[in-house]
Amino acid sequence: MNLSLLVIFPLVTALAVLLSKGLKQVRGFALLGSLTQLGLAGWLLKSYQAERASGNLTTNLFESNTPWFTSPLINYHIGVDGIAIAMILLTSVVVVAGILVSWSMEKMSKEYFFLLVLLSMGAYGFFISLDLFTMFFFLEIAVIPKFLLIGVWGSGDKVKSAMKLALMLMGGSALVFVGLLGIYYNVHSFETAEVIRVGLTSGVQKFFFPFAFIGFGIFAAMFPFHTWVPDGHASAPTAASMFLAGISMKLGGYGCLRMVSLMPDAANYYSWIIIILATIAIIYGAFATMMQTDLKYINAYSSISHCGFVILGIGMMNKTSMNGAVIQMVSHGLMTALFFAAIGMIYSRTHTRMVAQLGGLLKAMPFISTVFVIAGLCSLGLPGFSGFVAEMTVFMGSWQNPDTMYRFATVLSGASIVVTAVYILRATGRAIMGPISDEHALLADATWNEKLASVLLIAAILVIGIAPFLMNQLIVPSTDILFEHIGKAITIK
Amino acid sequence: MNEVPLEHILIVSTALFFIGMYGLFTRRNMITMLMSVELMLNSVNINFVAFNKYLYPEHLDGIFFSLFIITIAAAEAAVAIAIIINLYRSHRSIDVDDAAEMKF
Amino acid sequence: MMLNNMLSLLRQELVLSVLIFLLLFIKLGKDRSQASLSVIVNIALLINLLAGLWNMGEGELFSGMFHTNATIVFEKSILNLAVLLISMQSYSWLKSHDQVIEFYLLLFTSLLGMQFMISSGNMLMFYLGLEMSTIPLAAAANFDLTNRRSSEAAMKLIISSAFASGILLMGISFIYGTTGTLLFDALPSKLTGNPLQMFAFILFISGFAFKISAVPFHLWTADVYEGAPVAVTSFLSVVSKGAVIFVFVSVLYKVFQPLSHAWYLIISVLSVATILVGNLFALRQDNLKRFLAFSSIAQVGFILIGILSGDHQGAVSVIYFILIYVFSNLAAFGVISLVSALTGKEQITDYKHFYKTNPLLAWVLTIALFSLAGVPPTAGFFGKFFLLTAGASKGNYLLIAVAALNMVISFFYYLKVVKAMFMDENETPIEKLEIPAVSKLALYICVAGIILVGLASVVYEHINSLSI
Amino acid sequence: MQSYSYILWIPLLPLATFVVLGLFGRKYLKTSSGLIGTLSLLTSCLLSFKAAKQYFFVDGKVDGIYQKIEAFKHVWLQFSPGVSIDMGITIDPIAVMMLVVITSVSLMVHVFSLGYMKGEDRFATYYAFLSLFTFSMLGLVLSVNIFQIYMFWELVGVSSFLLIGYYFYKPSAVAASKKAFIVTRFADLGFLIGILVLGFYGGSLDISTLIQKFTTVQSPEYISITTASFLGMSMLTWGLTLVFVGGAGKSAMFPLHVWLPDAMEGPTPVSALIHAATMVVAGVYLVARLFPVFSMDAHALDIVTYTGVFSALLAAVIACTQTDIKRVLAYSTMSQIGYMMFSLGVSRYGGEAGLGYMASMFHLFTHAFFKSLLFLGAGSVIHLVHSNEMKDMGGLRKLMPITHIAFLIACLAIAGVPPFAGFFSKEEILTAALHENTLVYGVALFTAALTSFYMFRLYFSIFWNKEADVHGEHHGEGTWTMKLPLIILAICSVGAGFIGFPEFVTSDGAGIETHMDIASMAVPVSLSIVAIIIAAIMYKNANEKPAKVATAFGGFYRAAYKKFYVDEVYLFITKKIIFPLIGQPIAWADKHMVDGFMLMLGNLTAKISAAIKGMQSGKVQYYALYFFGGIIALSLLLIYIWK
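Protein chains in written order, with the working numbering: chain A, 1 to 493; chain B, 494 to 597; chain C, 598 to 1065; chain D, 1066 to 1708.
Next comes the structure, spelled out in structure tokens:
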């Protein structure tokens, strides 16, 4: 199939949204577009599997390579492997859910949906890119819509949050940029495949890896560059929070993974630092979450903790842990989107997100409360949900290294699941269970669009949680290929 | 008759240049500042003529250059004085420190 | 034969000269309505622009004083395009002004000077072009005759540039003294790098640095930009700066190639200082014009980094960036000029909630600012990317890292404006403005340019195919 | 050998029920949900019996032992070659026994709840959760893979959480459910790390493979795990101990027992099912499942033993002082599980030495029946008097004769009075302990006496003593659905001891001979009877003696009444140490230091910007001066750096 469709369709949708009039048309187009996109992603998955089944074992499928600029040599080179497909599926699901959740966005609806669609376009483009320039291009495309979405439609101290988020992300991409230039001038190509084929010398890798990795790490909320996450998520409107945590933080994780595969020597050399930072993020994020009183802050900080697992999985530098990191990206994307959706639904009814002011919502809105609880349970890694699969894979992978520090990091990260249980249950216990206040007792339950959005996300979570082998089938061959290259670096050490 | 050595002329022109610069830095009256700039330009003229005469007498590059400098300096002075006159209309002063509204 | 050559090689300058004389004659005759005058002028400018697209090969005139080739024609076309856009955008402002013809006369004379400057093959020609472009601009800066600030700006411009000319000339005179020639072609072989020559070179570069407003030679920029009428400001920031940069590149790359080690060092220091100081001052501005002045200073810092490359790619990326910069900056100035002409408001705080009343203008300004900030998919992103890529070719990655991180600071102040337009509440936003069709067209062209010049690689490839 | 594939249906039926009731119950199946749940479970139960019959009687022993059969196995999640989570079904004696226990007790609870929970608002949800629990528990006992156990382990944890918090509007129920989940989660962390240790050294997560590798002394896996050590303990000990920590958490062993008494906030039938008969013995089951490996490591077994025996004693002492009848039962559960634990701990693998193992499983089996009977009985009582407190009860034997008789039988069973079920199993445990460790035997004996005392304290306080003030109209013992389970369970409590248990369930599957000699029986039985008599004297009629005894014990009584302040210690650790000393500083640091640093960068930029603004003074002469300064700076640059 033609992968460019994944970028063109959002573009067409965005234009259609711009040209349409009134909330009804706008959201109709947006939904139609995102559903098409979901269909495309499904079709992509199907054709990918068919292609693989027919014995096509090349690293990336559906490649197409169009020259763009000749000097510096930049190609619009696209293609997907299993990991990219997993991320594309994640994106398409979250986008549909996000658009459904913002169904009744009255304020400047045209611009709102336009920006949402634009953001999704950036994500799709990022995931299908095989050329580092194209990748970087799409990465930055996804930043500005976030700024506007938070700043215009957000709540609370929205402008400050939007500013902080945009600046930190720009800082991240500036670092990425330096890393990319370093790669370019040493292999004279932005092509990932070419970089892997030619290979960078160890010294070059050690110099440029920190730039690129920290740059993407900022996107992935790596400690101590995570501070945009809590404010940004908390101030964003619901769909933007979902996109932010569900999609755009994944851009960072995915980028980190790619950087490791391009510069394995350096990744290996610095892995202990990555692991320490990731472990700190996991534990620190979990404890910080415990102290939060605002539902959105709770989820935002828990995202820091959960995304720590992605970094941890990558930093552990073995196949299993990297699989875990990929699964964790998908899982966290879905789970946190669901969580934000639930919080948004609660907030739109009660007009408060403070845990202390809520209570007993299960009585008034059983559906929303159930969604909240399911999101919580997924977050704390209950078997049957995707979070469990992801975290366990990371643990199994990280335990493979018998070094004491690695062990210690694994145990500490493992301890976070207890803390996670504490904060999830505290929030659930206060907000969902317990006695309900009179003013909340008569609030209405979810509407059809909210239900549909939740069901879609829950279904995706359950598919991964109940049948993880499907996910594994998709990503493991790709991580194997990825690791062939990385593995060499480790044996050299 | 002993020719004046090039170095002497260069010393004069350099001195003139810095005198002009000093005037530009210290005078508050805009017209005086303009005159200081003319001094600087004239020092350049001396340079050109001297170099031409002493070092490269086969072409007249330097001399022509100084001719053009003189012409353009005149044009510049004309425009500058026009501007200063206009400035005087609004500011009622040609003290350069009075025309420092826009800053930081 | 000679005449033929003159006609084809000098066509852009000739069209402009004819236009200038035409305007003079019109001025002598009876008063014409401003509208018809604009039409005439704009059509003439368009012809001039089209004249540039017509490839007539390269050649020399006046025994090497004037030379031209495809690149130079392209550079001139960029300037012509910019002037056309400025002319279209200043429609509303000129409508209320009596001395329309004088305005155009000043602008075109300056443009003509620039074109000669770009084509110059001799220090004398270069100097003449430079002065010809500067002196009318000083007069143009004072075009709001009754405005205190306008006068102040003009005064600052003329005195500073006279001083800068003095320095530049001093440099040229020493170069002449040490080499004995003023011809660009003859210079490289005679450059030995002796101390006096180096000092002369520093003086020479300072003169350039003044014109492109590199730190610490930039101080006039903000005041002049703020005080001058918007149209003049945009001319100063885009056309004048662009022209000097074109010359700077070719002079550095061709004439001073033997001293490239020296200027590499100088330019790296200047570029960092320029980016930093430009950014730090831009942070604290409230006046949009002054804000754009500092932002353009920072942009120059980036251009200097591109220049560092010292090879074909560096020159290409600089020309490409100037083209993008024309579109981006003129889109921003276009909006500001409209608002300023119709309401007189120029402060960032005036633009609060601008989006509510003027969504089109707000979007244009936003896109322009994003392009200046270097955000994809706007062309500014590509421009900056290529500049920094070119700059990195010498392996000075720390410089690149500093520059890249400075983009974050610049991002902050660009976003500040966007924030004001979209996010800040305001009781009395700027009312809904009637935009003249000409200005609207100019804005559309700018936006189209901002989007297409980057994404459609054909533009870049064309520049890349030119021999520099 | 016949196929066992139908066993798959045993857990799947409750799962299907959960899905159906969970999705549609609330809206469409409000009243019929109880019936649906019960019927589906009845089918499961029958299938379990069929499986038991087939396994023990039809197929029988092969080569003198009951074989372990993997009826079904599917790779669920492959981590790396050889290491995967498999979903599957193992059938061996303990699995089959657990199948029978779980399905039958669960069935009884389903039936009982039809009456007990009638009219509840979330009736369908309740049955959905019950089904979920049953599914998870069945999945747990049938696991082929240690990670599979862990998964279902978590699932039973969450179903327990949901059911304890069933009355979600009661803050105490919410707190209890939270506590239960978090404490067991903490223990599960140990379990998880234990799995990682065992899996890493064993190169597999499959239970049979692990057992096979770690019980072969020559295998490289065994050698590597015993030679590797951390903090002076071999990795085998570490692994097993950590796994045991998980088991201890779920089975409420000291010091992780604090959640169990609070868990009584859930509906009483739930307590009967989860917190008496099935889930809480999961820890015991886990140790039994890995027993061949445990038996290779004396240290791990010692830890199991002493934890078990201490918990048994501690719980029994506390049980004597509690006044909430469900809490008494909860501590009694904890105490009985302690029995099972130390019984495993004193056991060895294979043959006669495996007596403890057999006894433990036997006790697990009998305990399930009489303890769920006790809880259901207590449920009936609570249903009648609407209170959990002993002081609100008394003289109920006339009002609820069936309950009374059933409760009495259960009390006799737990007290170990022949010929009731508990007698047999407890006797085996004591015998096993006597052979292995006299200290443990002594404590166990004392605990047995205490057990009889507090059980009969409970019995007399409820059914005798002063007449309770049951006002006005009441519904007696409720519907037949509430009585029938009592009767059935009472019959089981009487008869379960007579099953030839040693023949069926042993450590190696071979069946052992047990000897009941009067001499060893006499001591515990007579102690029990003495304790019952003391209880009768103190509590049969209302009098001052209990108060006097309480005063006589003084501080010790108060400490026991306060559950030895374990809860307070936990509260201290969480509220006074973790929250203020770890959580808050981190939250503070994040806001003020990490984020503050980023803000500082911003402010610093602004400060510098303000500091250098003087450069742009507005005076054109200064501009020229700067210009000149720039030239000088550039000259210096070239002079000093370039040349």
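All residues carry an ideal CB built from backbone N, CA and C; glycine is no exception.
Remember, predicted model here, so these are calculated numbers, not experimental data.
Not a single C-beta of chain B is nearer than 9 Å to the C-beta of residue 1672 of chain D.
When the Cα atoms are used, residue 509 of chain B and residue 180 of chain A turn out to be separated by approximately 53 Å. The residues 147, 151, in chain order, have a CB closer than 8 Å to that of residue 163 of chain A in the same chain once the five nearest residues on each side in sequence are set aside.
Near chain B, meaning a CB-to-CB distance below 9 Å, the residues of the region 729-743 of chain C are 729, 731, 732, 733, 735, 736, 738, 739, 742, 743.
The secondary-structure analysis by DSSP pairs residue 1153 of chain D across a beta bridge with D:1138.
Residue 822 of chain C is positioned such that its CB atom lies closer than 9 Å to that of residue 889 of chain C. For residue 1689 of chain D, at least one C-beta of chain B is nearer than 9 Å to its own C-beta. A contact between stretches requires three or more CB pairs, one per stretch, nearer than 8 Å, and the region 832-846 of chain C meets this requirement with the region 794-810 of chain C. Nearest CB-CB separation between residue 1324 of chain D and chain A: not below the 9 Å threshold.
Shown here, residue 48 of chain A sits in a helix according to DSSP, grouped into three states.
Within chain A, no C-beta atom comes less than 9 Å from the C-beta of residue 1330 of chain D; the nearest is roughly 12 Å away.
Neighbours of residue 1640 of chain D in chain B, taken as residues whose beta carbon is under 9 Å from its own, are absent, since the nearest beta carbon is some 54 Å off. In the three-state DSSP reduction, residue 1065 of chain C falls in the coil class, being neither helix nor strand. Pairing residue 1334 of chain D with residue 1178 of chain D gives a Cβ-Cβ distance under 9 Å. Counting every other CB atom within 10 Å of its CB across the protein chains shown gives residue 749 of chain C a total of 16 or more, marking it as buried. The continuous alpha helix (DSSP H) containing residue 1428 of chain D extends over residues 1420-1450. In the structure shown, residue 658 of chain C adopts extended strand secondary structure according to DSSP, grouped into three states.
Residue-level contact by beta carbon fails for residue 1020 of chain C and chain B, as no gap is shorter than 9 Å.
In the displayed model, residue 366 of chain A falls within a helix according to three-state DSSP.
The residues 9, in chain order, have a CB closer than 7 Å to that of residue 36 of chain A in the same chain once the five nearest residues on each side in sequence are set aside. Residue 110 of chain A counts as buried, since no fewer than 16 other beta carbons sit within 10 angstroms of its beta carbon.
Looking at the backbone, the Cα of residue 797 of chain C and that of residue 588 of chain B are separated by about 33 Å. Around residue 558 of chain B, the same chain offers 541 as residues with beta carbons nearer than 6 Å, after the five sequence neighbours per side are excluded. Boundaries of the beta strand (DSSP E) harbouring residue 79 of chain A: 74-80, taken from the DSSP string. Residue 1516 of chain D and residue 1480 of chain D do touch by the CB rule: their CB atoms are close to 6 Å apart, below 8 Å. Proximity of the region 936-954 of chain C to the region 853-860 of chain C falls short of the contact definition, fewer than three beta-carbon pairs being nearer than 8 Å.
Residue 1298 of chain D carries a strand assignment under DSSP once its states are collapsed to helix, strand and coil.
Using a Cβ-Cβ distance cut-off of 8 Å, the region 530-550 of chain B and the region 758-773 of chain C are in contact, since at least three pairs of beta carbons, one from each stretch, lie closer than that value.
Under the DSSP assignment, residue 1146 of chain D falls outside any beta strand (DSSP E); it carries neither an H nor an E label. Per the DSSP secondary-structure output, residue 1130 of chain D pairs in a beta bridge with D:1127. Not a single C-beta of chain C is nearer than 9 Å to the C-beta of residue 515 of chain B. Contact between residue 1374 of chain D and residue 1403 of chain D holds, with the beta-carbon distance rounding to 6 Å and staying under 8 Å. Residue contact with chain A for residue 1250 of chain D: present (Cβ-Cβ distance below 9 Å to some residue of chain A). Between the region 469-479 of chain A and the region 357-374 of chain A there are fewer than three inter-stretch CB-CB distances shorter than 8 Å, so the stretches are not counted as touching.
Residue state for residue 63 of chain A is assigned as strand, using DSSP reduced to three classes.
Boundaries around residue 1175 of chain D are those of the alpha helix (DSSP H), 1158-1181, since no beta strand (DSSP E) includes it.
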